[in-house]
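The next block holds one structure in the form of C-alpha cells; read it before the comments.
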Amino acid sequence: MYSIKRQGFGEEGGMAEQAVAPLPSLVQIFLAFTKVGLTSFGGGLSGWMMREFVQNRRWLTEGEFLDGLSLCQALPGVNVVNLSIWIGYRLRGGRGALAGAAGMVVPSLILAVAVVALAGKAVQGPTAHWLLAGVAAAALGLSLQMGLRAAWRVAKRGVAPTVIFAATFLALFALRLPLLWVVGVMAPMGIAQAAWSLKRKGR
Numbered sequence: 021m022y023s024i025k026r027q028g029f030g031e032e033g034g035m036a037e038q039a040v041a042p043l044p045s046l047v048q049i050f051l052a053f054t055k056v057g058l059t060s061f062g063g064g065l066s067g068w069m070m071r072e073f074v075q076n077r078r079w080l081t082e083g084e085f086l087d088g089l090s091l092c093q094a095l096p097g098v099n100v101v102n103l104s105i106w107i108g109y110r111l112r113g114g115r116g117a118l119a120g121a122a123g124m125v126v127p128s129l130i131l132a133v134a135v136v137a138l139a140g141k142a143v144q145g146p147t148a149h150w151l152l153a154g155v156a157a158a159a160l161g162l163s164l165q166m167g168l169r170a171a172w173r174v175a176k177r178g179v180a181p182t183v184i185f186a187a188t189f190l191a192l193f194a195l196r197l198p199l200l201w202v203v204g205v206m207a208p209m210g211i212a213q214a215a216w217s218l219k220r221k222g223r
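Under my numbering, the first residue of the sequence shown is numbered 21, with each subsequent residue one higher.
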C-alpha cells in the first residue's frame, strides 16, 4: 500500500511533510470509531481519538487533527461527536461523516442500554463507581497529553497565538467566565491573527 504526504507543522514550527496512510474505506472508518466508542471508558475521548487516528492509523496529521478539534470545540453539541463527523468528512466526504458519527454513537449506545438492562442495580453500586474512577484517571492522562501537545504547537507559532491561548485558558479556568462570551471574543481574535499571519507569509 502506498502512503501519501500531507502538509503539517515541523518541529521548528515550519511546514513539513508528514507521511499518512492511504484513505480508509467507509467500513474501516465505521469500525475504527466503533473501537474508540466501545473502549473509551471514563472520558478522555479526544485524547484517545488523537492516539488512534494520528499516531496509530496515520489517517490524519497531528496538525489536521488539532485544527479539527479546535473547530469542533467551538461548535455547539458534543465535542467528540462533532469530531467524528469532521474526521469522517475529511476522509470520505459526507458518507464518511455519517460512518464516523454512526460508529461513535450507535454501538456504544447499544452496549450502554444492554449493560443497564442486564446488570440492573449492580452498575449503580459503589464497586462500579470505583472502577470508573480508576479508568477516568487514565483518560485524564490522555487528555492532558493531547492538551500539552496542542499547547506546544501553539507556542511554536509565535507570541500572538500564545497570548490568545493563555488568555482563553485564564478566562475559563481561573476567572470562570461564561464559555460563550470567551469564545465570542477570543475566536475572532484568533481568526484575525491567523489571517494576518498567512497574509504576511504570502508576501
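Positions of the beta carbon are idealized from the N, C-alpha and C atoms, including for glycine.
The residues Gly-57 and Leu-58, in chain order, have a CB closer than 7 Å to that of Ser-128 in the same chain once the five nearest residues on each side in sequence are set aside. For Phe-50, same chain residues with a beta-carbon under 7 Å away, outside a window of 5 residues either side, are Ala-119, Ala-122 and Gly-123 in chain order. Counted as a single uninterrupted DSSP element, the alpha helix (DSSP H) harbouring Gln-93 occupies residues 82 to 94. Taking every protein chain shown into account, the CB of Phe-85 has 16 or more other CB atoms within 10 angstroms, so this residue is buried. When DSSP states are grouped into helix, strand and coil, Val-40 belongs to the strand group. One thing to note: Phe-53 has its Cβ within 9 Å of the Cβ of Gly-108. Counting other Cβ atoms within 10 Å of its Cβ, Pro-42 stays below 16 and is therefore classed as exposed. For Val-98, the secondary structure class from DSSP, reduced to helix, strand or coil, is coil. A distance below 6 Å between beta-carbons, with the five flanking residues on each side excluded, links Pro-181 to the following residues of its chain, in chain order: Val-174.
Of the residues Asn-102, Gln-48, Asp-87 and Ile-105, the one whose Cα lies closest to the Cα of Arg-77 is Gln-48.
By the C-beta density criterion, Val-100 is buried, having at least 16 other C-beta atoms within 10 angstroms.
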